[in-house]
Amino acid sequence: MKSKSVKLASLFFIIFTLLLLLPTACSPSQLGAKAIDEVRLLVTQDKWAIDFLVNLTENGSPIFNADYYGYETQPAESPGYTDFRDLTKQLEEIYLGSDAYGPFFTLPMFGTPQVFESDGITKVNPQYFTDFTAGIDIETIRVIKSSSSQIEFAFDIIGSDSIKDGHMRAAKTKNGWRLEESFYFYYLGQLGVSDIDKAYNWEESSVFEPDQNAGSSKRLIGKCMLFNVFFNDKESAWDPEAQASLQSLQNEAFRYLESQAAFYGQDLSISSTNAGNAEYFDIGIAIPIGDEWDFWADDFFKESTSYGSVNNFLEGLKAGYPGYDNYGIIMNVNKKGHSYSLICDPFYEEHENFYAERIVAFHSTDETYEFALSSATIAHELLHLFGAVDLYFPFDWDSERIQLAFTYFPFELMRYLPMDDINDAYISVFTAFRIGWRNTLPSKLHIFQVNH
Ligand SMILES: [Zn+2]
């Protein structure tokens, strides 16, 4: 037995050595021919992945229910890849790790992801209709350079007016050859649309603006405390039923923001005072309901309370709840009105008066009312406190930004407030940058920075 296993071992050693020598035994043209076969296979698989993840089609058919015309996410209807693990397993066979295929799951670059994982299922967002037609002409693939660990290959591009040829690389792994990048991202890179500024810290980005990180609500991460303040005015008063209704809208808004933060890889927990431990004030005036910013609360705290200012009022509240990363106030009024927020923007000289950042929320259960309070309204106004800006640009003189916002952010929460389900809106890469969920901003989106 002993000698047999020694013989077997030496036989394996010889075979193993021969295998090691094999590549060098091939002539360069043989190696080139083998490499081209490998590359052609990968390019074919890459084309499948682009169709699936960019164009949302497989063998020419949509991968979601094509009869569906809404914008709610749908499960992928591809039998092989409805299970998200099967999809990533397939991508591992094509690309050099998740760095190479991960960007597919951040598409489109300026909206909510079009293919993503939810409870293990591959979900598709049918609101995007990308028709990416450029591709590698497989017949023209030629190896420029190859070693035992890397192949660089060139090719002609079909289906594109602007770029006619290119070159990419494949790398050897222990499981076989893999593409270092998808053709899709290579192509975008050549077009110059995938560049982002390279800041490692949020405030170092070349387009960072000071109001993004000012006031009592700075960056929407960590532990946030929101103080509810209930105002009874000349025209309206709070009752337990209205407070319960408000509480449920707020909870929906807070949980939505926490889940969106998680999507961007950020930890966020939002706490608030409730009807039982909130602050209450009776105010002798009819609180103005206009959609202009209004300083009735500042006047009230100055003239009718011992606090002297909203800032001092907040400092008092903070003392009871130490240890949070951010604080904000929600001033609630139980009547119809257009909710708004007052923020601390260092662009304005008197911004320190608004250190205590606050929302004025008008609660009404009349769903026919144009500005009825919804969880989406609350989340939208809250995002303002943390630096988000409106994405409909009502004050723009020229229409370029308005048009681009329409293209990039159709259902983004800073321009779209769904009445029924807040999950019908999403938080874009742009807003994520404004509120500190991303350190960088793709250059195509710099135009949306208000002061640039
Ligand atoms: Zn707004």
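386 is the number of the first residue of the sequence shown in the working numbering; add one for each residue after it. By construction, the Cβ of each residue, glycine as well, lies at the ideal position given by its N, Cα and C atoms.
task = Counting only the same chain and skipping the five closest in sequence on each side, list residues whose C-beta sits under 7 Å from that of K392.
result = Model confidence at K392 stands at a pLDDT of 47, short of 50, so the residue's coordinates are unreliable and nothing is read from them.
query = Just curious, the beta strand (DSSP E) that F616 is in, first and last residue?
reply = G607 to N617
task = Please classify E766: is it buried, with 16 or more other beta-carbons within 10 angstroms of its beta-carbon, or exposed?
result = buried
ask   = By Cβ distance, which residues of its chain are closer than 6 Å to F794, with the 5 residues on each side in sequence left out?
value = L776, R800 and S813
ask   = Should W562 go down as buried or exposed, given a rule of 16 or more other Cβ atoms within 10 Å for buried?
value = buried
N711 - partner residues in DSSP beta bridges = C609
request  = Could you tell me if Y486 is buried or exposed, where buried requires 16 or more neighbouring beta carbons within 10 angstroms of its beta carbon?
outcome  = buried
request  = Under 6 Å Cβ to Cβ from F833, same chain only, skipping five residues before and after it: list those, please.
outcome  = F815
request  = Output the distance between the C-alpha atoms of K829 and T753, rounded to the nearest integer angstrom.
outcome  = 38 Å
task = Compute every distance between the C-beta of S602 and the non-hydrogen atoms of ligand 1, then say whether any falls below 8 Å.
result = no
query = Going by the beta-carbon positions, is the gap between F540 and V439 smaller than 9 Å?
reply = no
inquiry  = Can you determine whether any heavy atom of ligand 1 sits closer than 8 Å to the C-beta of S813, and answer yes or no?
reply    = no
key: Burial state of P413 (16 or more Cβ within 10 Å)   = Unreliable placement is indicated for P413, whose pLDDT of 47 sits below 50; the coordinate value is still reported in the next sentence. That one is exposed.
message = If you follow the beta strand (DSSP E) that L653 is in, where does it begin and where does it stop?
response = L653 to S657
beta-carbon M610 near ligand 1 non-hydrogen atom, thresh 8 Å = no
query = Under three-state DSSP, which class holds Q635?
reply = helix
ask   = Between which two residues does the beta strand (DSSP E) harbouring S688 extend?
value = Rather than Ser, the amino acid found at residue 688 in this sequence is Glu. Taken as a continuous stretch (DSSP letters only), E688 belongs to no beta strand (DSSP E), being part of the alpha helix (DSSP H) at W681 to S689.
task = Less than 8 Å between the CB atoms is what I'm expecting for L634 and S760, so what's the real figure, rounded?
result = 5 Å
query = Under a Cβ-count criterion, where at least 16 other Cβ atoms within 10 Å of its own Cβ denotes burial, should R819 be classed as buried or exposed?
reply = buried
message = I need the residues with a C-beta less than 6 Å from some heavy atom of ligand 1; please give them in chain order.
response = H765, H769 and D775
task = Write down the C-beta distance between I655 and E664 rounded to the nearest angstrom, noting that I regard them as a contact closer than 8 Å.
result = Actually they are not in contact, since the Cβ atoms of I655 and E664 sit about 18 Å apart, beyond 8 Å.
inquiry  = Give me the residue from E423, Q628, S784 and I744 with the minimum Cα distance to I523.
reply    = E423
Span separating the alpha-carbon of Y733 from that of F501 = 41 Å
request  = May I have the straight-line CA-CA distance separating F639 from D516, to the nearest angstrom?
outcome  = 36 Å
At least three beta-carbon pairs within less than 8 Å, the region 716-734 to the region 565-575 = no
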